[in-house]
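**Student:** Going by the numbering used here, the sequence shown opens with residue 11, and the numbers climb by one from there. Please see the structure below; I have some questions.
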Amino acid sequence: MTTNGAGTAERDAEKVWSALDSFRIEVPSWGFANTGTRFGKFVQGGAATSTEEKFADASQVNQLTGASPTVALHVLWDLPGGKADVPAIQALEKKYGVKSGGINPNLFQDAEYKYGSIANPSKEIRGLALKHLLDSVEIGKALGSKDVSLWIADGSSYPGSQSVRRRIEWMREVLGATHAALGPDQRMLVEYKPFEPYFYHTDIADWGMALDLARNAGPKAKVLVDTGHHYQGTNIEQVVAWLLHLGELGGFHFNDRKYADDDLTLGSIDPYQLFRIFHEIVSAGAKEREGIAFMIDQSHNLKGKVEAMVQSVVTAQELYAKASLIDQEKLVELQDSCRLVEAEECFRSAFWQDVRPLVREWRIARGLPADPLKALAENGYVEKITKERGSRNARSVSTYA
Ligand code: PSV
Ligand code: MN
11 MTTNGAGTAE RDAEKVWSAL DSFRIEVPSW GFANTGTRFG KFVQGGAATS TEEKFADASQ
71 VNQLTGASPT VALHVLWDLP GGKADVPAIQ ALEKKYGVKS GGINPNLFQD AEYKYGSIAN
131 PSKEIRGLAL KHLLDSVEIG KALGSKDVSL WIADGSSYPG SQSVRRRIEW MREVLGATHA
191 ALGPDQRMLV EYKPFEPYFY HTDIADWGMA LDLARNAGPK AKVLVDTGHH YQGTNIEQVV
251 AWLLHLGELG GFHFNDRKYA DDDLTLGSID PYQLFRIFHE IVSAGAKERE GIAFMIDQSH
311 NLKGKVEAMV QSVVTAQELY AKASLIDQEK LVELQDSCRL VEAEECFRSA FWQDVRPLVR
371 EWRIARGLPA DPLKALAENG YVEKITKERG SRNARSVSTY A
């Protein structure tokens, strides 16, 4: 940190360093595996082909950024048969120095779930879904992961083809039973999404529905905001402000998008939006912020997977650092006296400030590479994994796993 006298520069450095010291963002195991679009899969030579390789990639991102010590696991993609081989996962955690993060049950890919999982009209299929959720809770307990993160893909594609109302009751029952199984340190996060894979109604379409289901399930259930899961024009930071106010914000899946749930790298389309979201978090204060899980949920089809993840974490660090620079006291004063342009400029000037030199200083002081993307380009990791995994990927056919 520069020490040439107290003043704005000194205060900015302190704010940025303290923000970065506390900033953690989880990476998704599936972001390192082969993915595609609805129309095809684009295989990458260096994509992870096993849970071990996903841990290795997550570890590489953490070593370069110092901000991602946990990796989210997707049950069916990472834990064969939907069961955790706990010693094996613990061995990977030790070997690669990253821990298991959020446990993501998978209630959307098996044929049984064609007409839904926890909202399926069939009691038997709802029972299967509940069993999978309970297995996921047990996996979380065994691995010491705090969050079981639920995305319920259920919905219908044609008006009249399903009863929206009866499905609410069915979901309540299953989510309540899942909550009852949570351990004392566990939480369950309820994610919402307005469309896809169904195109008429989604059973948990927005934050209001997620909030109601979470509250009904119990106090350890909170709402998860995936930034890609809103209609165009939704004021996401306002949703965040409300959930913070209600004490119901459990966490985020960060990504960016231009059109729908595009899963683009964080901040690539609208960095100002993420800055505004971070402002809500930073301005809420330490207590309200506590426990909010920051996670990335992206799928990189075109960019190299490890590069894209490093780019996302670095962008998150920079935008969080920018949000920490807002002069909160001054902003409140300007807001309260309705000095609109000055208030907006106070807010915006933090966004426009180039924090990269300060972030760079922080990285060096913490023993991290000054420029993580450059370090990745130079350290040979991508070439190594491309060579090692190339032949396995050439044979790869399945999506995600
Ligand atoms: C669904 O679009 C989602 O956002 C959920 O979080 C899934 O778990 C994830 O993406 C991976 O497909
Ligand atoms: Mn998500």
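Think of the CB as a built atom: it goes at the ideal place given N, C-alpha and C, for glycine as much as any other residue.
Identify whether E201 lies in helix, strand or coil by the three-state DSSP scheme.
**Tutor:** Of the three classes helix, strand and coil, the one that applies to E201 here is strand, per DSSP.
**Student:** Quick one: grab the DSSP three-state call for S159.
**Tutor:** strand
**Student:** Would you check if the distance between the CB atom of R399 and the CB atom of A187 is smaller than 8 Å?
**Tutor:** No.
**Student:** Can you find at least 3 beta carbon pairs, one from the stretch 212-228 and one from the stretch 255-271, that sit closer than 8 Å?
**Tutor:** yes
**Student:** Does the pairing of the stretch 380-399 with the stretch 340-348 give three or more beta-carbon distances under 8 Å?
**Tutor:** no
**Student:** Roughly how many angstroms separate the alpha carbons of Q338 and D22, rounded to a whole number?
**Tutor:** 13 Å
**Student:** When every heavy atom of the ligand MN is checked, does at least one fall within less than 7 Å of the C-beta of H263?
**Tutor:** yes
**Student:** For R34, which option in L274, V81 and W40 has the closest C-alpha, if you only look at C-alpha atoms?
**Tutor:** V81
**Student:** Under 7 Å from any heavy atom of the ligand MN, does the C-beta of E201 make it?
**Tutor:** yes
**Student:** CB-CB under 6 Å to A68, same chain, minus the five flanking residues each way: which ones, in chain order?
**Tutor:** V37, V81 and V108
**Student:** Going by CA-CA distance only, name the one from L144, A215 and N44 that's closest to L192.
**Tutor:** Distances from the CA of L192 to each of L144, A215 and N44 were compared; the closest alpha carbon is that of L144.
**Student:** How is F262 classed by DSSP in three states: helix, strand or coil?
**Tutor:** strand
**Student:** Which residues mark the beginning and the end of the beta strand (DSSP E) in which V324 is found?
**Tutor:** Not the beta strand (DSSP E): V324 falls in the alpha helix (DSSP H), residues K315 to S334.
**Student:** Specify whether the stretch 118-133 and the stretch 163-183 touch according to this definition: at least 3 beta carbon pairs, one from each stretch, less than 8 Å apart.
**Tutor:** yes
**Student:** At 4 residues or longer, and completely inside the stretch 130-191: list those alpha helix (DSSP H) runs for me, N to C.
**Tutor:** Correct list: 133-153 and 174-190.
**Student:** From this set, A294, A331, N311 and L199, which residue's C-alpha is nearest F49's C-alpha?
**Tutor:** N311
**Student:** With a CB to CB cut of under 6 Å and the five nearest residues on each side skipped, what residues in its chain are close to S401?
**Tutor:** none
**Student:** Measuring straight from C-alpha to C-alpha, what distance separates A385 and Q73?
**Tutor:** Approximately 10 Å between the Cα atoms of the pair.
**Student:** Is D307 near the ligand HEM, judged by its Cβ being under 7 Å from some heavy atom?
**Tutor:** With respect to small molecules bound, the structure shown includes the ligand PSV and the ligand MN and not the ligand HEM.
**Student:** Run through DSSP, which three-state label would E20 get?
**Tutor:** Here E20 sits in helix by DSSP.
**Student:** Go through the stretch 216-279 residue by residue and report every complete run of the beta strand (DSSP E) that reaches 3 residues or more, in order.
**Tutor:** 231-236 and 259-264
**Student:** Near R366, which residues of its chain fall below 8 Å by C-beta distance, leaving aside the five closest residues on each side in sequence?
**Tutor:** E328
**Student:** For the ligand MN, is there any heavy atom lying closer than 7 Å to the beta carbon of W252?
**Tutor:** no
**Student:** Between G112 and the rest of its own chain, which residues show a CB-CB distance below 7 Å, the 5 nearest in sequence each way excluded?
**Tutor:** In chain order, E36, A82, S155, D157, S159, A303 and M305 place their CB closer than 7 Å to the CB of G112, counting only its own chain and leaving out the 5 sequence neighbours on each side.
**Student:** Assuming G277 and L284 are in contact, meaning their beta carbons sit under 8 Å apart, how far apart are those beta carbons, in whole angstroms?
**Tutor:** With 8 Å as the limit, G277 and L284 qualify as a contact, their Cβ atoms being about 5 Å apart.
**Student:** Whole angstroms are fine: how far does the CA of I149 sit from the CA of K93?
**Tutor:** 7 Å
**Student:** In terms of residues, what are the limits of the alpha helix (DSSP H) holding L86?
**Tutor:** Secondary structure note for L86: its alpha helix (DSSP H) is the uninterrupted segment V85 to D88.
**Student:** So what does DSSP say about T61, is it helix, strand or coil?
**Tutor:** helix
**Student:** Does the Cβ of N14 have 16 or more other Cβ atoms within 10 Å, making it buried, or fewer, making it exposed?
**Tutor:** Reliability of the predicted coordinates at N14 is poor, the pLDDT of 47 falling under 50, and the value obtained from them is presented with this limitation in mind. Classification of N14: exposed, given that the 10 Å Cβ count is below 16.
**Student:** In whole angstroms, what separates the C-alpha of W27 from that of S173?
**Tutor:** 52 Å
**Student:** At a cut-off of 7 Å, would you count D381 as near the ligand MN, judging by its Cβ distance to the nearest heavy atom?
**Tutor:** no
**Student:** Out of curiosity, what's the CA-to-CA distance linking S334 and L368?
**Tutor:** Whole-angstrom Cα-Cα distance: 12 Å.
**Student:** Taking 7 Å as the limit between beta carbons, can you name the residues of its chain near I99, skipping five residues before and five after?
**Tutor:** Correct list, in chain order: S110 and L153.
**Student:** Kindly list the residues whose CB is nearer than 7 Å to the CB of V96, restricted to its own chain and excluding five residues on each side of it in sequence; keep chain order.
**Tutor:** A152 and L153.
**Student:** Which class does F33 belong to by DSSP, given the choice of helix, strand or coil?
**Tutor:** coil
**Student:** Does the distance from the C-beta atom of N265 to that of D307 stay below 8 Å?
**Tutor:** yes
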